[in-house]
Amino acid sequence: MKPFKYEKAKDLGTAASTLDSIPSASLLAGGTNIVDLMKEDVARPDILVDINGLEFSKIKKKGNTVSIGALATNKDTANHPLVRKHFPVLTQSILAGASAQIRNMATNGGNLNQRTRCMYFNDPSVTCNKRDPGSGCSAMEGLNRMHSIFGWSNRCVAVFPSDMAVGLAALDAVVNVANKDGESRAIPINDYHRLPGRDPSRDNTLKRGEIVTTIDIPINSWAKNSYYLKVRDRASYDFALVSVAAALDLGGGVIRGSRIAMGGVAPKPWRALIAEKELIGKKPSKELFERAAKMEMERARPLEHNEFKVKMGERAIVRALQKSGNA
10 MKPFKYEKAK
20 DLGTAASTLD
30 SIPSASLLAG
40 GTNIVDLMKE
50 DVARPDILVD
60 INGLEFSKIK
70 KKGNTVSIGA
80 LATNKDTANH
90 PLVRKHFPVL
100 TQSILAGASA
110 QIRNMATNGG
120 NLNQRTRCMY
130 FNDPSVTCNK
140 RDPGSGCSAM
150 EGLNRMHSIF
160 GWSNRCVAVF
170 PSDMAVGLAA
180 LDAVVNVANK
190 DGESRAIPIN
200 DYHRLPGRDP
210 SRDNTLKRGE
220 IVTTIDIPIN
230 SWAKNSYYLK
240 VRDRASYDFA
250 LVSVAAALDL
260 GGGVIRGSRI
270 AMGGVAPKPW
280 RALIAEKELI
290 GKKPSKELFE
300 RAAKMEMERA
310 RPLEHNEFKV
320 KMGERAIVRA
330 LQKSGNA
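Numbering-wise, the sequence shown is residues 10 to 336 according to the numbering used here.
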């Protein structure tokens, strides 16, 4: 591990100022991702800015939204009465991720900003455009079973690993960020993470010096009609091959609105917009769900070793919708 300086942030402005002035600075909250990357010499920050003392750990109702602090732990978020009542799909997605020990430490902001678990990214001895821009993508011609079937470019085919972010994507969450001057902006969750394009090194749309403060989730009537499904190689402590967060707005015997987000298939939480559109105004049924899932997965671009994800994705969407719509 490269030697580094440690700074305990007194307030958000101090932390953001350090990030803004020192390009190699990194934030430290739960430490469940950055510390591992530093041990493997993948991340080499000159300074770690500890933000654990900041005020963004509360979970509270705010008008018609629930505000979730960026420094609240995954455990506290998943188990909070407001989250369990209004957003069971978020609770399910968080509890499907990692281990209890990691969820006890990991924070919501850290979860959103975690780096990919691509084995080539995590191995400094091989090329990776996300870790070393311009060096190449070893996964393109390597073992890419765990990699993207949507949204990838010839620069990067890694997937975004978070379960929580998939749940948030199906809930139309908004990520609030602030900079050293106290200026804030709200970023819809589906605009927060980036596709790789020509610059895979940037995972999200944060500007230099910006820090996530809270995540707002609008309260809706879909809580009882939502479900998170995670398909993985083993039953626990593993990343998704395919995951689906589904939520339906049901009324008058038809689907009035739908949200479907997928994990394990793209460099960001993937909204299944084609499937969502197909469902609107129709009566829930297995046949409808199968048709919508097939339409969505037809635009997949599988790699050499992950074509199985196309059929798996279809079946996962159908199963999650069945659990949501009781069809």
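Note that the Cβ used here is the ideal one computed from N, Cα and C, for glycine as well. These numbers come from a predicted model, not from an experiment.
Rounded to whole angstroms, what is the Cα-Cα separation between residue i and residue j?
| i | j | result |
| --- | --- | --- |
| residue 40 | residue 82 | 12 angstroms |
| residue 311 | residue 301 | 19 angstroms |
| residue 43 | residue 123 | 8 angstroms |
| residue 60 | residue 134 | 32 angstroms |
| residue 216 | residue 24 | 14 angstroms |
| residue 79 | residue 222 | 5 angstroms |
| residue 227 | residue 181 | 7 angstroms |
| residue 125 | residue 29 | 23 angstroms |
| residue 292 | residue 77 | 34 angstroms |
| residue 11 | residue 86 | 33 angstroms |
| residue 218 | residue 188 | 6 angstroms |
| residue 282 | residue 46 | 34 angstroms |
| residue 138 | residue 279 | 21 angstroms |
| residue 198 | residue 151 | 31 angstroms |
| residue 49 | residue 174 | 25 angstroms |
| residue 339 | residue 306 | Outside the modelled stretch of the chain, which goes from 10 to 336, sits residue 339, for which no answer is possible. |
| residue 317 | residue 257 | 27 angstroms |
| residue 92 | residue 271 | 20 angstroms |
| residue 88 | residue 225 | 17 angstroms |
| residue 27 | residue 19 | 11 angstroms |
| residue 186 | residue 113 | 23 angstroms |
| residue 176 | residue 55 | 34 angstroms |
| residue 90 | residue 164 | 42 angstroms |
| residue 337 | residue 196 | Nothing can be reported for residue 337, as the shown portion of the chain is limited to 10 through 336. |
| residue 74 | residue 166 | 35 angstroms |
| residue 204 | residue 248 | 19 angstroms |
Does DSSP put residue i in a helix, a strand or coil?
| i | result |
| --- | --- |
| residue 190 | coil |
| residue 201 | helix |
| residue 60 | coil |
| residue 306 | helix |
| residue 326 | helix |
| residue 157 | coil |
| residue 196 | strand |
| residue 235 | strand |
| residue 14 | strand |
| residue 207 | coil |
| residue 128 | coil |
| residue 162 | strand |
| residue 184 | strand |
| residue 135 | coil |
| residue 168 | coil |
Relative to the C-alpha of residue i, which candidate in the options has its C-alpha closest?
| i | options | result |
| --- | --- | --- |
| residue 284 | 261, 262, 254 | 254 |
| residue 14 | 280, 33, 226 | 33 |
| residue 251 | 260, 187, 102 | 102 |
| residue 207 | 219, 237, 161 | 161 |
| residue 298 | 147, 240, 322, 213 | 322 |
| residue 117 | 220, 230, 18 | 220 |
| residue 65 | 325, 184, 210, 93 | 184 |
| residue 214 | 190, 258, 121, 324 | 121 |
| residue 128 | 115, 149, 112 | 149 |
| residue 99 | 313, 130, 231 | 231 |
| residue 69 | 110, 212, 94, 315 | 94 |
| residue 303 | 132, 277, 327, 146 | 327 |
| residue 111 | 246, 229, 275 | 246 |
| residue 58 | 16, 72, 202, 75 | 16 |
| residue 179 | 209, 266, 164 | 266 |
| residue 115 | 37, 71, 158, 159 | 37 |
| residue 144 | 210, 172, 249, 153 | 210 |
| residue 97 | 325, 235, 332, 324 | 235 |
| residue 268 | 71, 334, 72 | 334 |
| residue 201 | 172, 212, 286 | 212 |
| residue 147 | 67, 294, 242, 130 | 130 |
Following the continuous beta strand (DSSP E) through residue i, name the residue where it begins and the one where it ends.
| i | result |
| --- | --- |
| residue 35 | 34-37 |
| residue 223 | 220-227 |
| residue 267 | 263-272 |
Locate the alpha helix (DSSP H) running through residue i, then write down its first and last residues.
| i | result |
| --- | --- |
| residue 283 | 282-288 |
| residue 259 | No alpha helix (DSSP H) holds residue 259; the beta strand (DSSP E) holding it covers 251-260. |
| residue 175 | 173-178 |
| residue 143 | Element bounds for residue 143: n/a, residue is neither H nor E. |
| residue 28 | 21-30 |
Between residue i and chain D, is there a C-beta pair that is closer than 8 angstroms?
| i | result |
| --- | --- |
| residue 133 | Looking for chain D here will not work: only one protein chain is present. |
Every unbroken alpha helix (DSSP H) within the region 46-123, with a cutoff of 4 residues, ordered by chain: 83-88, 90-95, 97-104, 109-114, 117-122
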